[in-house]
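Residues in the sequence shown are numbered from 208 upward in steps of one, following the working numbering. Glycine residues also receive a C-beta, built at the ideal position from the N, C-alpha and C atoms. A quick note: this is a predicted structure, and the numbers were derived from the prediction, not measured. Only one structure is covered here, and it is reproduced in the block below.
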Amino acid sequence: MSETDQLDAHLDTDGEPTRRDFIYIATAAVAATGAGALAWPLVAQMGAANDTLAAGSIEIDLSKVEEGQQLKVLYRGKPVFVRYRTAKEIMEADTVEMDDLPDPETDDARLVTNPQGALNKQYLVMVGVCTHFGCIPVGEAGDFDGWYCPCHGSHYDTSGRIRKGPAPTNMEIPKYKYLSDTIIKVG
Ligand code: FES
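What follows is the structure in structure tokens.
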């Protein structure tokens, strides 16, 4: 079995993910380029991500993620969320007043430009770890349509910015870059 075949991933969909979803994403959307990267079936939504892996990088084919879906990939021991945001989610992320943000940061500042120097506003890539005590937030939940951390009640918006609750800062944006319009390299 190849390294890629051993990868496993989970897509949030309206229904239950199928085994085919897992294999499809594992073989078509994510390619690991080092020992430190693997896609991860994010079955447990709670609990700290505390495993550690060696360095490496992953390439993710964004074209395999459909609007309104989220790919979750384990990278260097932490879940990385790749969300294809809807127009409503982008609008919500763009129209918030900076004064309303505990950790003020524009949505654009949380994105990376593509090879043409433009922002692919629909794709949000971030480390899916609550900045309070490290639990894994649940997507499409909370008071701001983004993510909700059930451990102690932190609400994040559609840009992954903390809006309410004990988390002190926005969810982290990992180091990544666009290799093409739809391929990103994390790490
Ligand atoms: S770990 Fe998320 S709110 Fe405490």
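Check: Residues bridged to Leu308 (per DSSP); Outcome: Partner(s): none; Leu308 has no beta bridge.
Check: Nearest-angstrom Cα separation, counted from Pro311 out to Gln329; Outcome: 20 Å
Check: CB contact flag (Met378, Val345, <8 Å); Outcome: no
Check: Alpha carbon of Leu260 to alpha carbon of Glu347, nearest angstrom; Outcome: Bear in mind that the predicted position of Leu260 carries a pLDDT of just 39, short of 50, making it too unreliable to give a figure here.
Check: Within-8 Å CB hit, Pro375 to chain B; Outcome: Chain labels in this structure do not include chain B; a single protein chain is all it has.
Check: Residue list, Cβ distance to the ligand FES heavy atoms smaller than 7 Å; Outcome: Cys337, His339, Phe340, Gly341, Cys342, Pro344, Cys356, Cys358, His359, Gly360, Ser361, Gly372, Pro373 and Ala374
Check: Straight-line gap, Tyr282 to Asp301 (C-alpha atoms, nearest Å); Outcome: 28 Å
Check: Cβ-Cβ distance between Phe351 and His362 below 8 Å; Outcome: yes
Check: Nonlocal neighbours in the same chain, by C-beta distance under 6 Å from Asp388, ignoring five residues either side; Outcome: Asn321
Check: Inter-residue Cα distance where the pair is Lys384 and Ile391; Outcome: 6 Å
Check: Distance between Gly284 and Met298 (C-alpha atoms, nearest Å); Outcome: 32 Å
Check: Rounded straight-line distance, which links the Cα of Leu308 to that of Gly394; Outcome: 28 Å
Check: Lys295, buried or exposed, once every other Cβ within 10 Å from all chains shown has been counted against 16; Outcome: exposed
Check: The beta strand (DSSP E) enclosing Met333, as first and last residue numbers; Outcome: Tyr330 to Val334
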